[in-house]
Amino acid sequence: MQTTVTTMLLASVALAACAGVGSTPLPLPQQQPPQQEPPPPPVPLASRAACEALKDGNGDMVWPNAATVVEVAAWRDAAPATASAAALPEHCEVSGAIAKRTGIDGYPYEIKFRLRMPAEWNGRFFMEGGSGTNGSLSAATGSIGGGQIASALSRNFATIATDGGHDNAVNDNPDALGTVAFGLDPQARLDMGYNSYDQVTQAGKAAVARFYGRAADKSYFIGCSEGGREGMMLSQRFPSHYDGIVAGAPGYQLPKAGISGAWTTQSLAPAAVGLDAQGVPLINKSFSDADLHLLSQAILGTCDALDGLADGIVDNYRACQAAFDPATAANPANGQALQCVGAKTADCLSPVQVTAIKRAMAGPVNSAGTPLYNRWAWDAGMSGLSGTTYNQGWRSWWLGSFNSSANNAQRVSGFSARSWLVDFATPPEPMPMTQVAARMMKFDFDIDPLKIWATSGQFTQSSMDWHGATSTDLAAFRDRGGKMILYHGMSDAAFSALDTADYYERLGAAMPGAAGFARLFLVPGMNHCSGGPGTDRFDMLTPLVAWVERGEAPDQISAWSGTPGYFGVAARTRPLCPYPQIARYKGSGDINTEANFACAAPP
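Dropping the structure here:
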């Protein structure tokens, strides 16, 4: 049943000619009343008319930020399911921009948003997180991550997304490392860090209230990587915006992770074979695909059974960090030492390779030995072989594709390295694209790290201030009933899973009983947000809603492998367990079936 946005006032006007007493007639009116237009028909909620009324200049919509311009307000028909997407309901799409301006770099900026409001609404509001350095406005169907085909919109949430306040197609400065050039403008930095998500959340909620005639009952946020950082940031800076947050693989101290990228590049350089066109060691050729797979097999040989079951997954990841050392590990295929005793062969890693990977995995330090980021986890997802195809997820960040004739790893010359120079260093360091790898090789770990804490001129906030999400004071979020799920793949090469685990430990120390509102789920074998030899497919939205609305805390979350060929099977399911528990085999039954595992403390 549809209600109405406006209430019709119905009145009847009766003109009666009554004869008075006697024969004196009533006087005739001097002027006929003006002809009245019939009142407009009511505008039902969630209708095409109500949708189009949200266009600029129509209706009585008042935006929280007066500098909001609506460019699209259109009714979209229902869309059938496809192989890669769930069916979508008919809905209203509203796209626009907030705070159009010109930056100090001379480029135009605006905070773009896209909102979708289904005709049959479930009463919930949902924001999806961004990725990379943002700069692209998604379809805003409400991606829930975890490799899911279903979206929040397909489940009848009102969904919204933003580009973070800059546009990669517009703010692409070839003299300032391309699409990361927004870092030359101080306000664009702040919009990317926190302001755009606040502004867009407010705009979206106002439009939802206007369109449906009431505010959303509950609000949810899900993001991974940069989106995971956004989720953590929202719980800290804007604790009243969202009732439930999923923060996957969060880059919550991304400026520090960028320092680690320079460290891994310099650490791996001695094992590189050949130089690129600029004379920089070809980091991608420091380990072949077969070499990296050999390393992952040695990790399994040492750590796989530490959880009580040899199944190709390192569940007891904490014990593995203490147990595995590539300098003393064995090649499980032949029992010989992983580190070559003589010349390099296909069955061993050279001493130079072993030294390089050990240094890289230990994490960056300055000359005084002070850690500048965290260490990285030894985990089997650093490689993986499905049929004849090697997993590229981990190496794409640190090494790049082996067959390339140029450096192409994200940490060496890709957007990760470029964004550190322009977006997180203060003042920014614009330079030609071709010089990025050489700059990473010259990174000074005593001087350069200080730039993420620095301010300069109009850059009045350091990158750790505007972008970091490190606070453990979540009292305001907790006290209003907020719930947060964190997750992280153990073989993530973008952000260290051990760093997220350390944050969760600090949260528990700062806020005893933190598991009552925040839980961490680590995913063995998984790479950055997805992929790798692990159970990298899962639905975090359903348990989050159950926790927020029914008080059902997630004691485990069902997961399955997107590429079971890594394990030589047709399918594999597992429970993901709340930190510090791990999945333990019950002792009988198919080891590829979730029901035969339970979440428990490590042995």
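Each residue of the sequence shown is one higher than the one before, counting from 544 in this note's numbering.
Backbone N, C-alpha and C define an ideal beta-carbon position, used for all residues, glycine too.
Since we're looking at a predicted model, the values are computed, not measured.
Starting from the Cα of residue i, find the closest Cα among the options and give me that residue.
{"i": "His1071", "options": "Gly1032, Pro1086, Asp1082", "result": "Gly1032"}
{"i": "Ala712", "options": "Ala724, Met1027, Thr702", "result": "Ala724"}
{"i": "Tyr795", "options": "Gln882, Asp868, Lys598, Asp1045", "result": "Asp1045"}
{"i": "Ala621", "options": "Thr611, Val612, Pro661, Pro1121", "result": "Pro661"}
{"i": "Val613", "options": "Arg657, Pro623, Ala626, His634", "result": "Arg657"}
{"i": "Arg698", "options": "Tyr740, Phe668, Asp706", "result": "Phe668"}
{"i": "Val605", "options": "Leu720, Gly747, Asp718", "result": "Gly747"}
{"i": "Ala616", "options": "Asn608, Pro623, Glu595", "result": "Glu595"}
{"i": "Thr534", "options": "Phe830, Gly851, Leu777", "result": "Residue 534 cannot be examined here, being either before or after the span of the chain that is shown, 544 to 1146."}
{"i": "Phe754", "options": "Tyr933, Val637, Ala628, Pro914", "result": "Val637"}
{"i": "Gly675", "options": "Ser778, Asp832, Ala792", "result": "Ala792"}
{"i": "Leu942", "options": "Asp868, Ala750, Leu811", "result": "Leu811"}
{"i": "Tyr860", "options": "Ser956, Ser590, Gln1099, Cys1120", "result": "Cys1120"}
{"i": "Gly878", "options": "Asp890, Val895, Val908, Ala790", "result": "Asp890"}
{"i": "Ala880", "options": "Ala833, Asp741, Leu837", "result": "Leu837"}
{"i": "Trp664", "options": "Ala589, Val884, Gly1074, Pro971", "result": "Ala589"}
{"i": "Asp1022", "options": "Gln742, Tyr785, Asp819, Pro632", "result": "Tyr785"}
{"i": "Asn716", "options": "Gly646, Gly774, Ala1019", "result": "Gly646"}
{"i": "Val789", "options": "Ile765, Ala693, Ser893, Tyr1047", "result": "Ile765"}
{"i": "Pro875", "options": "Pro894, Ala642, Ser999, Ser839", "result": "Ser839"}
Residue i CB to nearest chain E CB: under 9 Å?
{"i": "Ser1131", "result": "Judged by its chain identifiers, the structure shown contains no chain E, having just a single protein chain."}
Alpha carbon to alpha carbon, how far is residue i from residue j?
{"i": "Ala1138", "j": "Lys1129", "result": "9 Å"}
{"i": "Ala1126", "j": "Gly666", "result": "35 Å"}
{"i": "Asp966", "j": "Thr684", "result": "28 Å"}
{"i": "Met984", "j": "Val823", "result": "8 Å"}
{"i": "Thr702", "j": "Leu1084", "result": "13 Å"}
{"i": "Pro634", "j": "Asn608", "result": "Strictly speaking, residue 634 in this sequence is His, with Pro absent from that position. The alpha-carbon atoms of His634 and Asn608 are separated by roughly 24 Å."}
{"i": "Ser803", "j": "Gln821", "result": "22 Å"}
{"i": "Thr977", "j": "Asp1016", "result": "42 Å"}
{"i": "Ala752", "j": "Ala759", "result": "7 Å"}
{"i": "Arg757", "j": "Leu1063", "result": "34 Å"}
{"i": "Gln809", "j": "Glu1095", "result": "47 Å"}
{"i": "Phe867", "j": "Ser1034", "result": "15 Å"}
{"i": "Gly529", "j": "Pro975", "result": "This structure leaves residue 529 out entirely; the chain is present only between 544 and 1146."}
{"i": "Pro576", "j": "Ala593", "result": "Any answer about Pro576 is weak, because its pLDDT of 46 lies below 50 and its placement is not dependable; what the coordinates show is given next. The alpha-carbon atoms of Pro576 and Ala593 are separated by roughly 33 Å."}
{"i": "Thr625", "j": "Phe986", "result": "47 Å"}
{"i": "Leu852", "j": "Leu777", "result": "39 Å"}
{"i": "Arg1049", "j": "Gln779", "result": "14 Å"}
What residues in its chain sit with their C-beta under 6 Å from that of residue i, if we drop five residues either side in the sequence?
{"i": "Pro729", "result": "Gln1001, Phe1002"}
{"i": "Asn1135", "result": "Val1112, Arg1115"}
{"i": "Asn917", "result": "Gly906, Ser1039, Leu1041, Asp1042"}
{"i": "Gly673", "result": "Gly707, Glu769, Gly770"}
{"i": "Gly787", "result": "Tyr763, Lys1026, Leu1087, Val1091"}
{"i": "Ala870", "result": "Gln882, Val897"}
{"i": "Val979", "result": "Ser956, Ala960, Arg961"}
{"i": "Trp1009", "result": "Arg732, Leu733, Gly736"}
{"i": "Ile995", "result": "Pro798, Phe967, Ser1006, Met1007"}
Going by beta carbon distance, what residues of the same chain come within less than 8 Å of residue i, once the five residues before and after it are set aside?
{"i": "Glu1092", "result": "Lys761"}
{"i": "Gly1132", "result": "Ala1138, Asn1139"}
{"i": "Cys1142", "result": "Asp1098, Gln1099, Pro1118, Cys1120, Pro1121, Gln1124, Ile1125, Ala1126, Arg1127"}
{"i": "Cys863", "result": "Ile842, Thr845, Cys846, Leu849, Val857, Ala920, Trp921, Asp922"}
{"i": "Ser910", "result": "Phe988, Asp989"}
{"i": "Leu915", "result": "Lys799, Ile802, Ser803, Trp806, Gly906, Pro907, Val908, Asn909, Phe988, Pro992"}
Using DSSP's beta-bridge definition, name the partner residues of residue i.
{"i": "Tyr1030", "result": "Gly791, Phe1064"}
{"i": "Pro491", "result": "Not covered by the structure: residue 491. The range shown for the chain is 544 to 1146."}
{"i": "Phe764", "result": "Met670, Ile788"}
{"i": "Thr702", "result": "Arg659, Phe669"}
{"i": "Cys1142", "result": "Ala1126"}
{"i": "Ser686", "result": "Ser694"}
{"i": "Phe1038", "result": "None, per the DSSP bridge assignment."}
Starting from the C-beta of residue i, find all residues in its chain whose C-beta is less than 7 Å away, skip the five residues before and the five after it, and write them out in chain order.
{"i": "Arg938", "result": "Leu835"}
{"i": "Ser679", "result": "Asp706, Asn711"}
Is there at least one non-hydrogen atom of the ligand GTP closer than 8 Å to the beta-carbon of residue i?
{"i": "Val637", "result": "Inclusion of the ligand GTP in the displayed structure is not the case, the ligand content being empty and no account of it being possible."}
Whole runs of the alpha helix (DSSP H) within the stretch 576–663, excluding any shorter than 4 residues:
591–595
Going residue by residue through the stretch 863–925, where are the continuous alpha helix (DSSP H) segments of at least 4 residues, counting only ones entirely within it?
894–905
Identify every run of the alpha helix (DSSP H) within the stretch 787–853, keeping only runs that are complete inside it and at least 4 residues long; order them along the chain.
797–811, 832–846
Along the chain, which unbroken stretches of the beta strand (DSSP E) at least 3 residues long are found entirely within the stretch 712–773?
761–767
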